[in-house]
Structure formats: structure tokens, C-alpha cells
Amino acid sequence: MITAIDNGSRGSRSTKLATHECAPPSRPKRRDRGPAGTVAARGRFFRRRCFHVLEAVVILVTGAAGRLGESVVRLLVSEGREVVGTDRRTPPDGFPTTFVEADLCDGGSTRDLVDGADAVIHMGAIPGPGRDPEETFGNNMVSTFNVMRAAQQHRVRRVVFSSSAFGMGWAADPAAFVPKYLPLDEDHPMMPFEPYGLTKQLGECIGAMVARSSATTVVSLRFTNVVGTEHQKENFPLDAPTTEHPTTLVMWAYADPRDVAEAHVRSVDANLDGHTSFMIAQPTTRFAEPTIDLIKANFGDAVELRDGLEGCASVISTKKIEAQLGFRPSRDWRET
């Protein structure tokens, strides 16, 4: 099913444009929306007029009905960008731009949807390891492959992929993941223990394949658990992890939704080649205790300690994104 809804520039109106069953041999179509026509035609129109401009013109955001996806859409719209949101769920009230309801596990529908986009921010996925493993793996892998493949076929300039620090080593047994060194960075091997993290590792592999074999460049953002401001105020600091009451290492870190949204937007136009991965986390942990003391208490001498762990510093390093994008996740629960 594809349903396109045009909400205008500020969500002032909502008009159903077209609804089509995505069953072969029919191909979903969208009704003309004026001079630029369909999403695809509008993209071609803008490319003819603005081909010399480096910034992406039409940006497709998948998973746009989710809280984080909607935040990314609103940030893009606030910057005057041309945005189309998509999800298999209906959008929230007041969604600020055109929305297309679609199932990304349908390859034909996804190809039609991506046609005309100059950049894709792919956030659509079953989030986290709490759902049925087969459903999570099947949905996340097929949808990611379809989006990346469609981007390659339509020569989309940039794909930004919402990866996850869970692919680094989140495990139901907090003691299962012992890192080779800390803080974790992009050079540390990804060591998933469950299907959700595996889909993120393999999603990055698909992105690397697409970047190697085409002109489409891919940025993968590995952010850890996203915690809103109110939750931070009400719950932080958490009790320190111990060997008796452990916490999975990647959950020592956290990500503020505002910084995660900004990282996605910054990645759209970043001057990068091929496939690049970035870690995203706030500068400190969820705990009040010094980070090195916590590492020693939970891992003894089993983990190599590198620079960057002073005070309550995060166990995830963001030095790479700071150096290459000039972006530093700076919000800290201690200052909220």
C-alpha cells in the first residue's frame, strides 16, 4: 500500500493524493501535485534547475512517523529543505511536509519512492532487540537492502543510514560483551550478540557495497540508546553497574535525541566519499562515578584503556565525527 499525503509547508492541511495496492503487475503511482508533479517528477524538476548546487534538493526520510524520524523531518523543514517523509504507519497530526505511506519491504514500491530523491535518510526499522527475532531480522534487512539498492539504481547522491551502537556488542547477558579496548570507536570490531544488532552491522555492509559499486555515498550513524530530556532529568544518574548488578556496556552511554537528529541532518551534505561510519553518544555516562573506576570494577584488567576516559567521560568516542563533520554531541544530563 502506498498513500501520499500532502500536508503543505507547515502542516496546515492534509489531502489524500493517491492510494494503490502494491501488487504486481501494477506499479504504484501518485497523482500530479502541480508544476513539479509526483515526488519523482519533482526531484527531476529540481535537478534540472539546481544541478549545480551541492546541497541535496529533495530528501526522503524513512521511518518518518517515529519520534526520532519526525524530529529529523522537522529539523530539515526548519532549515528550508525539500523533504518527503515515509513510513508504513500514518504520520502524526501536524506532520510538516508531504508524507507517503509505504512498506519498504516491497522492492517495487521502494524503487518508485526513491526515484527523484537526491538524498535518503534511512531510519525506518524495527527498533531494538525486544521484538520477535525473525520479524526483526527479516524486516530490517529487506527494507535496508531495498532502500540502498534503489538509491544505487537511481543514482542518489547520499544515503544516511541509522545504524546502532547495539551492533558493537549489546547482549541480554551484560557480562557477555567484553570490548578489546575503551572507549569504543569506529575501528573496534562490531560484535553483535542478537539479531537487531546484526541487522545494523549487515546494513553497514550493504551500504559499503553500494558505495563501492556506484557513485552513491553512504554515512552510517551508530548511536546508542536515545534518552529524552525529561527522562534524563527524572532518572539520571543511574545506580552504578557492578558485577552483581551489571549493565550492558553500550548502555553506559546514551544519546540525546536532539543531537542524534542534528547528526543525521549534518551527514546529508558532508563532504565524504565511499562509506563512512560515525559513533554518536553524549560526552558522559549515565552514572555519577568516574568511568575508569567503573571499568575497573566491572572488567578488572581485561580491557585496554585508551585516552579519553577522564572523569565521567563516555565509553563511546565521538572524535571521528568531531574531526570529519565538525559536530560534537554536546548536551549533557548534568547540565539539563
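Our numbering runs 760 ahead of the 1-based position in the sequence shown.
The beta carbon of each residue, even a glycine, is placed where N, CA and C say it ideally should be.
Can the beta-carbon of Arg918 be found closer than 9 angstroms to that of Ser1027?
Taking the sequence shown and counting its residues from 1, one reaches residue 918 at position 158. Taking the sequence shown and counting its residues from 1, one reaches residue 1027 at position 267. Their beta carbons are under 9 angstroms apart, which means Arg918 touches Ser1027 by this criterion.
Can you tell me which of Cys1072, Pro1043, Pro997 and Thr989 puts its alpha carbon nearest to the alpha carbon of Arg1018?
By one-based count along the sequence shown, residue 1018 stands at place 258. Nearest option by C-alpha distance: Thr989.
Look up Asp847 in the DSSP assignment and give the residues it is bridged to.
The residue you call residue 847 lines up with position 87 of the sequence shown. Answer is Glu861, bridged to Asp847.
Give a yes or no on whether 9 angstroms exceeds the smallest Cβ distance from His1035 to chain D.
Here chain D cannot be found, since the structure has a single protein chain.
Could you tell me the alpha carbon to alpha carbon distance between Pro851 and Val880, rounded to whole angstroms?
By 1-based counting over the sequence shown, the position of residue 851 is 91. By 1-based counting over the sequence shown, the position of residue 880 is 120. The C-alpha of Pro851 lies about 18 angstroms from the C-alpha of Val880.
Closest residue to Ala968 among Leu864, His1035 and Glu1022 (Cα-Cα distance)
Position 208 of the sequence shown, counting from 1, holds the residue named residue 968. Each of Leu864, His1035 and Glu1022 was checked against the Cα of Ala968, and the nearest Cα belongs to His1035.
If Ile1040 sits next to Val1020, beta carbons under 8 angstroms apart, how far is it from one beta carbon to the other, in whole angstroms?
For this step, residue 1040 is matched to residue 280 along the sequence shown. For this step, residue 1020 is matched to residue 260 along the sequence shown. Sure, about 6 angstroms apart at Cβ, within 8 angstroms.
Can you give me the Cβ contacts of Arg1091 inside the same chain, cut-off strictly under 7 angstroms, excluding the 5 residues immediately before and after it?
Residue 1091 sits at position 331 when you count from the first residue of the sequence shown. For Arg1091, the CB contacts under 7 angstroms within the same chain, skipping 5 residues up- and downstream, are Asp1016, Arg1018, Asp1019 and Gln1042 in chain order.
Restricting to Cα atoms, I'd like to know which of Arg1088, Glu830 and Lys993 is closest to Arg849.
On the sequence shown, position 89 is the one that residue 849 refers to. Among Arg1088, Glu830 and Lys993, the Cα nearest to that of Arg849 is on Glu830.
Whole-number beta carbon distance between Thr1044 and Ala1023, since they are thought to touch under 8 angstroms:
Counting from 1 along the sequence shown, the entry for residue 1023 is found at position 263. Counting from 1 along the sequence shown, the entry for residue 1044 is found at position 284. Thr1044 and Ala1023 do not touch by the CB rule: their CB atoms are close to 17 angstroms apart, not below 8 angstroms.
Ile1055 by DSSP, collapsed to three states: which one?
Against the sequence shown, residue 1055 aligns to sequence position 295. In the three-state reduction of the DSSP assignment, Ile1055 falls in the helix class, which pools H, G and I.
Can Pro952 and Lys960 be called in contact, C-beta distance under 9 angstroms?
Along the sequence shown, read from residue 1 onward, the residue named residue 952 stands at position 192. Along the sequence shown, read from residue 1 onward, the residue named residue 960 stands at position 200. Yes.
Whole-angstrom distance between Phe996 and Met901, CA atom to CA atom:
Here residue 901 is taken as the residue at index 141 of the sequence shown, counted from 1. Here residue 996 is taken as the residue at index 236 of the sequence shown, counted from 1. The straight-line gap from Cα to Cα measures roughly 34 angstroms.
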